[in-house]
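As given, the protein sequences belong to chains V and L, one line each in that order.
Residues are numbered in this note's numbering as their position in the first sequence, beginning at 1, plus a constant of 100.
Residues are numbered in this note's numbering as their position in the second sequence, beginning at 1, plus a constant of 1125.
Read through the structure below, which is laid out as structure tokens, and then see the notes.
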Amino acid sequence: MIGAALVALLRRELALAWGRGGGPLFACAFYVGLATLLPLAEGPTPQKLAAIAPGAAFAALALSSLLSLERLFERDYDDGALDLLTLGPLPLEAVTAIKCLAQWLANGVPLALAAPVVSIALGAEPRLWLISLVASLGGGLGFTFVGGIGAALVLGARRGGLLIAVVVLPLFAPPVIFGAGAVEAFGAGLEWKPALAFLLAYSLAAAGLAPIAMAAACRNALS
Amino acid sequence: MIWRLTVDNLALARGERRLFEGLGFSLGRGEAAALTGANGAGKTSLLRAIAGLLRPEAGRVYFQDMAGDVIEAEVARSQGLHLLGHHDGLKSTRTAGEELRFWTRWLGGDAPSLAKAIDALQLDPLLALDVRKLSAGQRRRLALARLIAAPRPLWLLDEPMAPLDLGRRALFGALMQAHLDGGGMILAAVHDALPIPVRELKVGTA
């Protein structure tokens, strides 16, 4: 019965995440748009661009991950669904984790698939596509779970979207450092595994610990 | 399974404002109570406190099983009660059928109980429609269907009848009566009289 409820929740969350204001397509379009602005600001010198491509692509990914976070809990909070989700077979910690997982699958994964394209378009070497994809997948997981804490904390606040960005952007620093670092190190032929390991460790720790914080923040908002 | 709900010397506050204090009552199998009181007296807050969403200022809420032993509140709430309020948790962009099926699964119902609920609340023609296209009364019937689709003993209802037409009020009255006859319990915040025999519980300091 718990298994059936879990699957039902994941399917509902995926359906809602896909439908959330255009969902992943808008996020990807924003990501590509942001990456297109960069050469315009920096000047189209290929050498210059190639040097900053991995880092710039990763920073743009972090910003794009923020887009649909606002509505992760807000809609369920506003329409009373969050009340009912507390009365089901799974604890609120598991509910928030499943919501974030669905958010990552519906938003983070498409963004990660776009990441190699974006960084190569910016001038990164094509052989970096795999590391760029892996780092973006791993980083995206961390962005989603850490961002989820922000989304839960601002429930009930006005202009929650802006507040989320202010709350979570500092927390996005480690995955940006390690993610972009891993891609750059790989490109330069240096040791890249430690940075990637740190990135994945950060994301897994976030996936493990963030649900506790998200559930506490949701309970607080409901009471 | 919940056989008795007891509210003992309960005090609730919203922000700085004390809603009520010293509230106590008990509800056993087959019993229904109507919560009455002025707007803002704390009826909805009481229901939310029983559902575990609001922390009481003082006093406690507990649930007992057949033998009279206190059930762990988490377990009682995740298996034994329904909360139905103004905010019905239905997503306007999904179809009525999708929403009903999801909530049935989530609250522990199965396919036969789901079919029974669709039948009891005459939802068949609505299932393919988006929730946003439903009228207030249709939407309420969809929310009420959860009570039947996932059988749980304690129903906490907040103005359940308000948007229903006269015919559907009688229909829901019969469903409530059947629930009580089957050993269920109902606690409903209402302004109009309920179509079932109930005792009245007045909420509020005034």
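Glycine is no exception: its CB is placed at the ideal position from the N, C-alpha and C atoms.
Note that the coordinates shown come from a computational prediction; the quantities given were computed from them, not determined experimentally.
Exercise for the section: Write down every uninterrupted run of the alpha helix (DSSP H) in the segment 224-299 of chain V whose length is 4 residues or greater and which is fully enclosed by it, in chain order. Expected result: 229-253, 260-268 and 273-287
Exercise for the section: Identify which residue in E170(V), P139(V) and A307(V) has its Cα closest to the Cα of R258(V). Expected result: The count along the first sequence starts at 1 and reaches residue 258(V) at position 158. It is E170(V).
Problem - Euclidean distance between Cα positions of M1301(L) and L1171(L) - result: Counted from its first residue, the second sequence places residue 1301(L) at position 176. Counted from its first residue, the second sequence places residue 1171(L) at position 46. Each residue's Cα considered, the two are about 20 Å apart.
Problem - CB contact below 7 Å: A104(V) versus chain L - result: Locating residue 104(V) in the first sequence gives position 4, counting from the first residue. It does; some Cβ of chain L falls within 7 Å.
Practice task
Could you tell me whether any Cβ in chain L is nearer than 7 Å to the Cβ of P189(V)?
Solution key: Looking up residue 189(V) in the first sequence gives position 89. So, interface residue.
Practice task
Can you give me the start and stop residues for the alpha helix (DSSP H) that W118(V) sits inside?
Solution key: Along the first sequence, read from residue 1 onward, the residue named residue 118(V) stands at position 18. Looking at the DSSP string, the run of the alpha helix (DSSP H) that includes W118(V) is I102 to G119.
Handout entry: Reference P210(V), options I102(V), G188(V), I277(V) and L237(V), closest by Cα
Key = The count along the first sequence starts at 1 and reaches residue 210(V) at position 110. That would be L237(V), whose Cα lies nearest to the Cα of P210(V).
Handout entry: Whole-number beta carbon distance between L1148(L) and V1323(L), since they are thought to touch under 8 Å
Key = The sequence position of residue 1323(L) within the second sequence is 198, counting from 1. The sequence position of residue 1148(L) within the second sequence is 23, counting from 1. Rounded to whole angstroms, the Cβ separation of V1323(L) and L1148(L) is 17 Å, and the two are not in contact under 8 Å.
Handout entry: Which listed residue (W1280(L), L1137(L), N1134(L) and L1326(L)) has its alpha carbon closest to that of L1206(L)
Key = The residue given as residue 1206(L) occupies position 81 in the second sequence. Cα-wise, what sits closest to L1206(L) is W1280(L).
Problem - Secondary structure of A1331(L), DSSP reduced to three states - result: The residue given as residue 1331(L) occupies position 206 in the second sequence. Only weak support exists for where A1331(L) lies, its pLDDT of 49 falling under 50; the value from the coordinates is given anyway. Coil.
Problem - R1265(L) at chain V interface by Cβ criterion, 7 Å - result: On the second sequence, residue 1265(L) is found 140 positions in, with the first residue counted as 1. Cβ-Cβ to chain V under 7 Å: no for R1265(L).
Practice task
Spell out whether any CB of chain V is found under 7 Å from the CB atom of H1212(L).
Solution key: Here residue 1212(L) refers to the residue found at position 87 when the second sequence is read from its first residue. Chain V, which has a Cβ nearer than 7 Å to the Cβ of H1212(L), makes this yes.
Practice task
Following the continuous beta strand (DSSP E) through Q1263(L), name the residue where it begins and the one where it ends.
Solution key: Here residue 1263(L) is taken as the residue at index 138 of the second sequence, counted from 1. It is not in any beta strand (DSSP E) - Q1263(L) instead sits in the alpha helix (DSSP H) that spans A1261 to A1274.
Problem - Straight-line Cα distance separating Y1187(L) from A1159(L) - result: Working through the second sequence from its first residue, we reach residue 1159(L) at position 34. Working through the second sequence from its first residue, we reach residue 1187(L) at position 62. Cα-Cα distance, rounded: 19 Å.
Exercise for the section: Give me the Cα-Cα distance between F173(V) and I277(V), rounded to the nearest whole angstrom. Expected result: If you number the first sequence from 1, residue 173(V) lands on position 73. If you number the first sequence from 1, residue 277(V) lands on position 177. Going from the Cα of F173(V) to the Cα of I277(V) covers about 28 Å.
Practice task
Assess, as a yes-or-no matter, whether the segment 282-290 of chain V is touched by the segment 145-158 of chain V under the definition of 3 or more beta carbon pairs within less than 8 Å.
Solution key: yes
Exercise for the section: Would you mind sorting T136(V) into buried or exposed? The rule is 16 or more other CB atoms within 10 Å of its CB. Expected result: Looking up residue 136(V) in the first sequence gives position 36. Exposed.
Handout entry: Continuous beta strand (DSSP E) stretch holding L1215(L): start and end
Key = Here residue 1215(L) refers to the residue found at position 90 of the second sequence. Here L1215(L) belongs to no beta strand (DSSP E), and DSSP marks it neither H nor E.
Exercise for the section: Could you check the C-alpha separation between L1246(L) and E193(V) for me, to the nearest Å? Expected result: Reading the second sequence from its first residue, position 121 is the one you call residue 1246(L). Reading the first sequence from its first residue, position 93 is the one you call residue 193(V). Cα to Cα, L1246(L) sits roughly 33 Å from E193(V).
Exercise for the section: State the Cα-Cα distance for the pair K1168(L) and A1242(L), rounded to the nearest angstrom. Expected result: In the second sequence, residue 1168(L) corresponds to position 43, counting from 1. In the second sequence, residue 1242(L) corresponds to position 117, counting from 1. One C-alpha to the other measures close to 27 Å.
Exercise for the section: Under 9 Å between beta-carbons, which chain L residues line up against L116(V)? List them in chain order, please. Expected result: Counting from 1 along the first sequence, the entry for residue 116(V) is found at position 16. L116(V) reaches chain L at K1216, T1218 and R1219, counting residues in chain order whose Cβ is nearer than 9 Å.
Handout entry: Own chain partners of A200(V) with C-beta closer than 6 Å, once the 5 adjacent residues on each side are dropped
Key = Mapped onto the first sequence, residue 200(V) falls at position 100. Sequence check: residue 200(V) is Cys here, not Ala. Taken in chain order, the residues that qualify are T244, F245 and G248.
Handout entry: Contacting residues, own chain, Cβ-Cβ under 7 Å from P274(V) (five flanking each side not counted)
Key = Start at 1 with the first residue of the first sequence, and residue 274(V) comes out as number 174. Result list for P274(V): Y302, in chain order.
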